[in-house]
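Okay, so here's the structure we're looking at.
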Amino acid sequence: MHFRHRILAVFIVLCMVAGAVLGSRFEMTGASEELTGLSLFDRKETIYFWYSEEELSDFIGSAAVAFAEGRDVRVIPKLVDESEYLEAINQATLHTEEGPDAYLVGNDSLGKAYLAGLASEITDQGGICNLSHFPQAALSAVTYHDKLVAYPFYYDTTVLLYNRTYMDQWLQQQGNKVGQEDEDLMEGEAEDGGTDGEGSDGTAGDGTGDMSGDREGDSLEGTEEETDPEALALEQARIGKLLVSGIPQTVDDILYIGDTFDVSEGVDGIMKWDVNNIFYNYWIVGDSMIVGGDAGDDKENVNIYNEETLENLETYKALNQFFSIESDNVSYDSVIQDFLDGKIVFTIATVDVLGRLMEAREEGAFPYLYDLTIMPAMSDRLGSRSMSVTTAVAVNGYSEHKELANEFAAFLAEEYSGALYSWTGHPAAALSADASDEDLAVFKEEYGNSIPLPKMIETSNLWIQLEVLFSKVWNGGDVPELLEELSNQIQMQMSPDGGLG
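This is the structure:
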């Protein structure tokens, strides 16, 4: 499910009276136990499994068959419209015999599902829900008030995608520049009669002394640090590390590459991404803005307005001056197409980009090398964390076959997840899956440190509000004012009366 659709489709599950639900289930059970000519020995234990994405059908059907082999059981998958998905599960549980015993659900809905009784604490009899089998973010995503209420299945998050061909060109340019500077320095020393290895300014003449250039106005850290000897030494060390690795690790690394890159003809810019979608922006504040803690379920752990978030949003605002991305004319699809056309060097991408890259290369439409890396830190002091969405396998709290449903959920989440990506394009959360795929390994590394969507009902509209805030900041809005306004609104929603009193 696309993230924008997910956050727009959030709804409050209707309150259910447990006695009425159990009573209805009892009546249905009694009716279903009437003999219909079938011997008890001919009747297999049956569970129903619901999901809402059609591309999963073949995989889930195959998993159901594989699970049933050697067991006297039957798994019946059912594709259900994603509209009001939890309410459909609720109604089917109350009124039919084919309500799901287990089902797929986004981690942000697990809190609502658990409170309604539609998700129960898992038994994890196989002992797979730990860091030996899943990244921390996956476990956080399925945790609600210290209980594991589902099994992690698959995920999506963002990483930095870059044109490796262009980066190699930049590294070669920098190498040529260093060689020229060394040659000029040696000629200058010969003319001056030698300076014992020092330049005219007394710095070591190793060809790296002024690699940062003047760079007036391009540093987002301010100009005072540029004249500070200690800060200058750190800057030079950072640049040296960039030149060795060829992989940007901070936003300043990307800015430096932009400053010093003599780009090829046809390259429109150094970096572009979808600045309209919070999923591709959240890394900016992900390491500083706290909304419910890592599990996203703690109402006492919310800290939106703080110095680090303010600084990161000011950096984001300044990036518009550097990259000049017009928000009215950009979308994720257009950005990825620009990357495939060789018009940009860096972008922010989700897992689906791997299929587009493969298709373009097979068609001869992408004659470049590419690479992926984790999202850059905001600065040498401040980090970053991407947002992630985890699709989980939940066990219905009202299922009459909880043990079997738990067993199938665990089977689907890990044992059978190795082929998930090749069948569906969704990367499995299990660490054992896709271990040899270098591209997916980068996504899984980022996923492991990501922030899952929170589960609190009170913050269900936060992501829409954040999208509005980022849009206003990008277009020059006042950061402190906008962030304080958001913080106050969320605090009001978190109050006992929801801000209605």
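In terms of the working numbering, the sequence shown opens at residue 1 and continues consecutively.
For each residue, glycine too, the CB sits at the ideal point set by N, CA and C.
(message) Would I336 and N312 be called neighbours here (beta carbons separated by less than 8 Å)?
(response) no
(request) Keeping to the same chain, check which residues put their C-beta closer than 6 Å to that of G213; ignore five residues upstream and five downstream. (result) Because G213 sits at a pLDDT of 36, beneath the cut-off of 50, its placement in the model cannot be relied upon, and the point is left open.
(message) Taking the beta carbon of M358 as the centre, do at least 16 other beta carbons fall within 10 Å, making it buried, or is it exposed?
(response) exposed
(request) Pick helix, strand or coil for W170, following the three-state DSSP scheme. (result) helix
(message) What residue range does the beta strand (DSSP E) around R74 cover?
(response) V73 to L79
(message) As a quick exercise: from Y114, F346 and D253, pick the residue whose alpha carbon is nearest that of Y370.
(response) F346
(request) Could you spell out the range, first to last residue, of the beta strand (DSSP E) harbouring L369? (result) First-last for L369: undefined, no H or E at that position.
(request) Give me the Cβ distance between I304 and I490, rounded to the nearest whole Å; I'm assuming they're in contact under 8 Å. (result) 6 Å
(request) Report the rounded CA-to-CA distance for D146 versus P152, giving the unit in angstroms. (result) 15 Å
(request) State the start and end residues of the unbroken alpha helix (DSSP H) segment that holds M358. (result) V353 to E362
(request) Could you please give the first and the last residue of the uninterrupted alpha helix (DSSP H) stretch that includes E314? (result) E307 to F323
(request) In the DSSP assignment, find the beta strand (DSSP E) that holds W50 and state where it starts and stops. (result) E45 to Y51
(request) Please list, in chain order, all residues of the same chain as A405 whose beta carbon is under 6 Å from its beta carbon, the five residues on each side excluded. (result) I47, D101, A102, V395 and S399
(message) So, for V351: in the same chain, excluding its five sequence neighbours on each side, which residues have a beta-carbon less than 7 Å away from its beta-carbon?
(response) D156, P427 and F443
(request) Answer with buried or exposed for N107, where buried requires no fewer than 16 other C-beta atoms within 10 angstroms of its C-beta. (result) buried
(request) Find the nearest neighbour of Y51 within the set L104, Q236, E485 and A150, judged by alpha-carbon distance. (result) L104
(message) Going by DSSP in three states, M378 sits in which element: helix, strand or coil?
(response) coil
(message) Contact defined as beta carbons within less than 8 Å: I believe N163 pairs with G364. What is the distance between those atoms, to the nearest angstrom?
(response) 17 Å between Cβ atoms; not a contact.
(message) So for P452, helix, strand or coil by DSSP?
(response) strand
(request) Give the DSSP-derived three-state secondary structure of G126 in the structure shown. (result) coil
(request) Would you mind working out which of N475, F408, Q172 and I457 sits nearest M502, comparing C-alpha positions? (result) Examination of residue 502 is not possible in this model, given that the chain is present from 1 through 501 alone.
(message) Please state whether the Cβ-Cβ distance between G126 and A410 is less than 8 Å.
(response) yes
(request) State the Cα-Cα distance for the pair T143 and R385, rounded to the nearest angstrom. (result) 19 Å
(message) If I follow the unbroken beta strand (DSSP E) through S388, where does it start and stop?
(response) M387 to V395
(request) Kindly identify the DSSP beta-bridge partner or partners of F279. (result) None; F279 has no bridge partner.
(request) Work out the CA separation of Y416 and V65 for me, nearest whole Å. (result) 11 Å
(message) Am I right that F59 and L431 are in contact with their C-beta atoms under 8 Å? What's the rounded C-beta distance?
(response) Actually they do not touch by this definition, with Cβ atoms about 19 Å apart.
(message) Give me, in chain order, the residues of the same chain whose beta-carbon lies closer than 7 Å to that of I247; leave out the 5 immediate sequence neighbours on both sides.
(response) T373
(message) Buried or exposed, going by whether 16 or more other CB atoms sit within 10 Å of the CB of T459?
(response) buried
(message) Just verifying my parser: in three-state terms, what is the DSSP assignment at Y416?
(response) coil
(message) Using a Cβ-Cβ cutoff of less than 6 Å, which residues in the same chain neighbour E481 once the five nearest sequence positions on both sides are dropped?
(response) none
(message) With H, G and I counted as helix, E and B as strand and the rest as coil, what does DSSP make of K147?
(response) strand
(message) Taking a contact to mean a Cβ-Cβ separation below 8 Å, would you say L310 touches L462 in this structure?
(response) no
(request) Would you mind reading off the limits of the beta strand (DSSP E) that contains M271? (result) G269 to M271
(request) Please name the residue in D274, E230 and K402 whose C-alpha comes closest to that of S471. (result) D274
(message) Assuming contact is defined by CB atoms lying nearer than 8 Å, are I89 and W170 in contact in what I supplied?
(response) no
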